[in-house]
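So the structure is just underneath, and the comments pick up after that.
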Amino acid sequence: MKVLLLKDVYKLGRAGDIKKVADGYGRNYLIPNSMALLATPGAVKQADHIRKVANESRSLLNAEMSEIAERLKDVKIAFGRKAGETGKLYGSVTTQMICDELNSKFGVNLDRHQIEIGPIRILGEHTARIRLTIDMVPTVTIVVHREGENPFAGEEVKPVEKAKPEITAEVEPEVETEA
Numbered sequence: 000m001k002v003l004l005l006k007d008v009y010k011l012g013r014a015g016d017i018k019k020v021a022d023g024y025g026r027n028y029l030i031p032n033s034m035a036l037l038a039t040p041g042a043v044k045q046a047d048h049i050r051k052v053a054n055e056s057r058s059l060l061n062a063e064m065s066e067i068a069e070r071l072k073d074v075k076i077a078f079g080r081k082a083g084e085t086g087k088l089y090g091s092v093t094t095q096m097i098c099d100e101l102n103s104k105f106g107v108n109l110d111r112h113q114i115e116i117g118p119i120r121i122l123g124e125h126t127a128r129i130r131l132t133i134d135m136v137p138t139v140t141i142v143v144h145r146e147g148e149n150p151f152a153g154e155e156v157k158p159v160e161k162a163k164p165e166i167t168a169e170v171e172p173e174v175e176t177e178a
């Protein structure tokens, strides 16, 4: 079945594109959710107009989301969990946990479906992608460590340099002479 996309659909295409999809996907998901129309000759004539309107709205959305993308860029969040001897977690760190942590720390309003990573079941550093828009996908580093350990112990911490007192004038020491 050929459909004309009315909205950007993740991993399928942008608004205004004509795509061939499975009949069930188009009939049961895309068309009822107003994401696509059946690609009839009349609908195909509207493709340029749909594409133009979608590009304008996409640029506005990207401008709004750029601030959130900058805040989330290169962020590290840590989770302390119980783990066995081999580093395998008792349980897992889910996308919902990551979403809640990001929402509370950075004041953003993310959904767990926007986070691209499976459940984390081992200790270590993991990278998750956050799908804000079809064009903006910042990455976040997730550090999973044992409970009670410092998650950033391996990283170098730069010592703060103490300010050296400045000597403004040199004074020659007084030498006592015998008279």
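So in numbering that gives the first Met the number 0, spot 89 of the sequence shown is number 88, and the numbers just go up one at a time. In this text, a Cβ means the ideal position worked out from N, Cα and C, and glycines have one as well.
Rounded to the nearest angstrom, what separates residue 13 and residue 32 at their Cα positions? Position 14 of the sequence shown, counting from 1, holds the residue named residue 13. Position 33 of the sequence shown, counting from 1, holds the residue named residue 32. Straight-line Cα distance between these residues: approximately 15 Å.
With which residues is residue 35 paired in a DSSP beta bridge? For this step, residue 35 is matched to residue 36 along the sequence shown. According to DSSP, which records beta bridges pairwise, residue 35 is partnered with 4.
Go ahead and pull the three-state DSSP assignment for residue 74. Sequence index remark: in the sequence shown, residue 74 carries index 75 (1-based). Of the three classes helix, strand and coil, the one that applies to residue 74 here is strand, per DSSP.
Helix, strand or coil at residue 59 [DSSP, three-state]: Here the question's residue 59 lines up with position 60 in the sequence shown. Three-state result, residue 59: helix.
Going by Cα to Cα distance, which pick from 50, 75, 128 and 18 is closest to residue 39? Locating residue 39 in the sequence shown gives position 40, where the first residue counts as 1. The shortest Cα separation from residue 39 among 50, 75, 128 and 18 belongs to 18.
Three-way DSSP call (helix, strand, coil) for residue 18 in this model: Numbered from 1 along the sequence shown, position 19 holds the residue referred to as residue 18. Of the three classes helix, strand and coil, the one that applies to residue 18 here is strand, per DSSP.
If you reduce the DSSP assignment to three classes, tell me which class residue 10 lands in. As a position in the sequence shown, residue 10 is number 11, starting the count at 1. Coil at residue 10, not helix or strand.
Tell me which residue opens and which closes the beta strand (DSSP E) that residue 126 is part of. On the sequence shown, position 127 is the one that residue 126 refers to. Note, residue 126: beta strand (DSSP E), 123-129.
Distance, Cα to Cα, residue 76 vs residue 61? As a first step, residue 76 must be located in the sequence shown, where it is residue number 77. As a first step, residue 61 must be located in the sequence shown, where it is residue number 62. Approximately 25 Å between the Cα atoms of the pair.
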